[in-house]
Amino acid sequence: MIVIHPKVSGLLERGGVPGLREALQTAVELEHAVIPPYLYALYSLVPGDNSAAAEIIRSVVNEEMLHLTLAANLLNAVGGRPVLDAPDVLPRYPGPLPGTVADGLVVGLAPFSVPLVRDTFMAIEEPEHPEDYGPEPAMPAREPLTIGQFYRQIRTTIEGLGEGVFTGKRDRQVTTGFLPGAIAVTGVASASQAIDTIIDQGEGTRTSPWDGTDVAHYYRFAEIVHGRRLIRFPPEQRWAYLGDPIIVDPAGIRDVPVNPTLAGYPAGSAAQRACRSFNYTYTTLLKALHATFNGTPGKLRSAIDIMSSLQQQALDMMAGTTTHGVPAGPSFEWQPTD
Amino acid sequence: MAAAGMGRSTRGVGEGESLVSYLNPLRLHFAGSFEAAVSTVNNDPVHFDNTRFQPSYAEPATGTALNGSFNPRGSGDWRLHDCQVTSAFLADGAPAPGTDPVLACAVADSDDRAPAKLVDLDPEQQLVSQIFAFELRIAMASGATLLRGEFAPAAFMDLWDRARAVPASGPGAGDVAAGAMYQSVLTRVRWGDVSGSPFLRALRRASGARLSVKFNVDGFGKAPGDDFLRGRVVGTIGPAAPGEPRHFVAGRQFMAAPGAGGHFFVPAGGVNFCAAAVDHAARRVYLDLGNALPTSVPGGAPADLGDLALHSAGGVAPLGVLPAARYTDPGWYPATAGVAVFPPDRPLTGAELAAVSAGPLALAAAPSDQGPVVISEPDTGLFVRADQFVYRLNPGESAEVPLFATRFGQPYAEAGVVTVPVPEQLQPNSPLAPGQAPPVAVPADALRYPARVVTDKRGKARLRLRAADPGRPRDYIDGQVYALCPVLEPVIVSPGDPYPFNQWNFVSVLVWSGFAPDEPLTWHGCIEPVLRQYGNLYPVMRDFLDLGDYEQVCAHAERLADQFSRGIDDPGSMPVTRDLSAAKREALVRWLTKPGDDGKPLLGEPRQPAAPAPPLPEPDRQVPVQGKAAAASRRPAAQRRTRLTGGTR
């Protein structure tokens, strides 16, 4: 599992409103930082092949976009200013995710593999007690935190601060039909609902892997590892990985590099040019999302256009179409001009 | 010269007043790369026929199969890469100080939206590719933007065979050797903190919310390699004035005579069409050779034509010389964008200026300045051009084409302009099925316009185009495409004495067919054929969904409805190809947003399927030249090697 840094936990315990805002900015960065590794693995799957695994990752990415939006809505609701348009917001791959301990889980950019899903993706989404769905244990102040516990602590902090903490302007809230579940956060109740959505979709509820519409991310990834869908099994409706098979065909995975960097590609090569171009579009996306979460919610439409462009550029790089036949991968680095 | 419709020169912009347009003392130059990820499945008209479409048309061409040409997965993206400001000049002609931060800036595309798009007008008019949704900015390396503006959509012009040392056929031929230029204005210009830049402060003072931009493109890499889909771009940005043309310089027009061979245009004298502006205040001539000097290799330095001397008609000595050693230097073209100043080292004398104003300018090339003329203005100095020259019209719509007539760069007032159809510039042919492409420019009466208009005292006229429903003259391709050429009456002369003419100087118009959708709108009714055709011609969409699959379309209904609703200037506008009529787009959006009881857009009843047409056999031959060169070669004008001689034939 990933472990949130005690410093972040401390912000929530003792930081008051500024600490809450800082912790929520960490949440924004964390939700963003998990998306590139998921996308990199997703795009390494040859379109049409390994479609079940691809669909699982794609569905998780869509919900991570929702979580990013909800984290930004939470931060805006408490009078904060989400920051996504700065180079230091970007994680380094490989490296720890934002807000997590440095000697914990290392996350990178790698082509799809079952070990990647098992050792990294499931670890990101792992609940504190994945094997049982029992009641939440009492949380010692200095114990390491999972993402889910981190969000529960945020909820506790918000509840402690009360309705008076919601000083943000309503028109900064992002709600859209493109992201079902993106609710406006205006008070303790809606904040709690937004946090529940994030936790339940990531880890499941305390009693079930089912988040209401699907199994939670952790269990969705586990389906890939087990090679079977997670289903409720009669007669006791117990959950088990006994559903339809999820077959991974290694021939349908592109042989793309692990943790590529712009500087690592040969200077002037088509791969380096394509990587740079991708990174510029990616930086453009971060600027568009920043604008979306900072008073122009209508910019989300533009951000979605940019995501489509990113997808196509990544697929073309990985297929070798734009890289002189050599499979290459994007590095997700800050590139303010191209 | 015919007497009818004789106009007169009047005083106007440029004579004793400040120069406008990028061809100006106050300007910056930039150089770098462009990317044109054009989609090529729609390069063959017969690919529009859903009944004969084959999955192989979505695959790249091979040595013997045409398939979907060289880039079937193209997104249509138009991008700039590695473009740097290379020089900047202030209004007095002096270079901007070396400390001016603009000299370290990039010229970049948008950091705010999806990439711009490069789009053909029609499969049967592929030679006016337009850039849409292009935001251009000048930015520091940190990304801080010093100015940004919207590039008004523009098509390329003055397409020619620029690189000489390339084979006439094979992978290295055709588009790779081509050059062309784009000229437009940046509108809605927004300025960042330019307090540290004397150049940008001066540009803002001179121009404010609108700028003029022109860039030359060449060396496009069409074969797989490090330069695939990329080429060289070198350009100029300067001030703009509201009344001036957006897409050409209303200055001195150098007209190239056609030479033999080539795919697009080979100028007989080696130098392509170009324009000059005379700065009466500073007593200098600014000549833009950026898309006019040939190169030896694609994207290389200008080839050696000898020293280039600018002459006025009555002058004995040249007005100045551009030495071959200078312009063949690899650093010259990126640093100047081909803009040469005459005389380079002194103002024109009063007598020289008078001679410049009174008669044609000519450029001579030779080891000595008495060498042969390589390009010149026509003797009469008369010129007319449509500013915007590409139109898309729905039935019942009209457009006013702005025409500008000049004589030696001055407004040419009270001149008759006749408009002549030039369908021979269109490309009604199919590489896959020669002879089977639908006809163009019929019915003629679906596009109406006055036979003659007269310029006003500013040399301007408006040619009103009115579109009627052309019916379905092309069956599986919507609408019809037309080409019209405005011609000044005084230059209509006998066919034996042709007036210098730029073959690309004409107006292209796509008129869409009327569309009466079935009601209620259903997938099996009128929706599926439209979406399936788009999906066929733009295969990259399959990364997202199969537009021929009802369930997948339903799953993406909200997003599709959004994108089919967008304006043509929006980077996310669908179809990317911008070739769907307003009526069809409206029907699609209405269908997508009016679900039935099951929450999905209406499916309807399947129709009796038409018997599939037999697929077209691949020709048993080597794949010929592709891309623009293939389109250009399919013009009747190219096949007949005709050219307009006054426009009355």
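Residue numbers (my numbering), protein chains in the order written: chain A, 23 to 360; chain B, 14 to 662. A virtual CB, placed ideally from N, CA and C, is assigned to each residue, including glycine. As the structure is a computational prediction, the values presented were derived from the model and not from experiment.
Asked                                                                                                                                   : Found
Cβ-based neighbour list, residue 140 of chain A, same chain, cut-off 6 Å, excluding 5 preceding and 5 following                         : 247
Beta carbon proximity, residue 125 of chain B to chain A, threshold 8 Å                                                                 : yes
Coarse secondary structure for residue 189 of chain A, derived from DSSP in three states                                                : coil
Every unbroken beta strand (DSSP E) within the segment 129-184 of chain B, with a cutoff of 3 residues, ordered by chain                : 129-132, 143-145, 147-152, 158-164 and 170-174
Residues bridged to residue 499 of chain B [DSSP beta-bridge criterion]                                                                 : B:432
Selected residue, minimal CA-CA separation from residue 619 of chain B, among B:579, B:536, B:573 and B:612                             : B:536
CB of residue 50 of chain B within 8 Å of CB of residue 89 of chain B, strictly                                                         : yes
Residues of its chain near residue 343 of chain A, where Cβ-Cβ distance is below 6 Å and the 5 sequence neighbours each way are ignored : none
Within chain A, partners of residue 88 of chain B - CB distance below 8 Å                                                               : 331 and 334
Residue 385 of chain A classed as buried or exposed, judged by whether at least 16 other C-beta atoms fall within 10 angstroms          : Given a span of 23 to 360 for chain A in the structure shown, any question on residue 385 of chain A remains unanswerable.
Listed by chain order, chain B residues near residue 29 of chain A by CB distance under 9 Å                                             : The contacting residues do not exist; residue 29 of chain A stays about 29 Å from chain B at best.
Integer-rounded CB distance, given that residue 83 of chain B should sit under 8 Å from residue 68 of chain B                           : So it is not a contact: roughly 18 Å between Cβ atoms.
Run of the beta strand (DSSP E) containing residue 149 of chain A, from where it starts to where it stops                               : Per DSSP, residue 149 of chain A belongs to no beta strand (DSSP E) and is neither H nor E.
For residue 577 of chain B and residue 529 of chain B, the rounded distance between their alpha carbons                                 : 18 Å
Neighbourhood of residue 54 of chain B by C-beta, 8 Å cutoff - its chain only, sequence neighbours within 5 removed                     : 60, 70, 71, 81, 82, 85, 549, 550, 551 and 552
Same chain, Cβ closer than 6 Å to residue 66 of chain B, neighbours up to 5 away in sequence not counted                                : 549
Given 8 Å, three or more beta-carbon pairs between the segment 213-224 of chain A and the segment 169-185 of chain A                    : yes
Cutoff 8 Å: residue 340 of chain A Cβ touching any chain B Cβ                                                                           : no
Stretch-stretch touch, CB-based, cutoff 8 Å, three pairs: the segment 289-309 of chain B with the segment 318-332 of chain B            : yes
Buried versus exposed, by CB contacts within 10 Å (16 or more), residue 502 of chain B                                                  : buried
Whole-angstrom distance between residue 419 of chain B and residue 371 of chain B, CA atom to CA atom                                   : 13 Å
C-alpha distance - residue 54 of chain A paired with residue 78 of chain A, whole-angstrom precision                                    : 18 Å
Of the residues B:148, B:214 and B:248, the one placed nearest residue 200 of chain B, counting alpha carbons only                      : B:148
Within 8 Å of chain A by C-beta, residues of the segment 190-207 of chain B in sequence order                                           : none
Nearest to residue 350 of chain A (by Cα), restricted to the options A:337, A:129, A:41 and A:192                                       : A:337
Neighbour flag for residue 244 of chain B against chain A, beta carbons, 8 Å                                                            : no
C-alpha distance - residue 156 of chain A paired with residue 238 of chain A, whole-angstrom precision                                  : For residue 156 of chain A, the predicted structure reports a pLDDT of 30, less than 50, and the residue's modelled location is therefore unreliable. A value from the coordinates is still provided. Going from the Cα of residue 156 of chain A to the Cα of residue 238 of chain A covers about 16 Å.
Secondary structure of residue 482 of chain B, DSSP reduced to three states                                                             : coil
Between the CA atoms of residue 144 of chain A and residue 244 of chain A - distance to the nearest angstrom                            : 7 Å
Separation of residue 99 of chain A from residue 191 of chain A, as counted between CA atoms                                            : 7 Å
Selected residue, minimal CA-CA separation from residue 187 of chain A, among A:26, A:42, A:35 and A:347                                : A:42
Backbone secondary structure at residue 334 of chain B - three-state DSSP                                                               : strand
Heavy atom of the ligand FAD within 7 Å of residue 92 of chain A beta-carbon                                                            : With respect to the ligand FAD, the structure offers nothing, as it holds no ligand at all.
Cβ of residue 44 of chain B within 8 Å of any chain A Cβ                                                                                : no
Nearest to residue 234 of chain B (by Cα), restricted to the options B:79, B:280 and B:242                                              : B:242
Distance, residue 425 of chain B Cα to residue 654 of chain B Cα                                                                        : Note that residue 654 of chain B has pLDDT 47, beneath the 50 cutoff, so the model's placement of it is unreliable and the number below is only indicative. Going by the C-alpha atoms only, they are around 31 Å apart.
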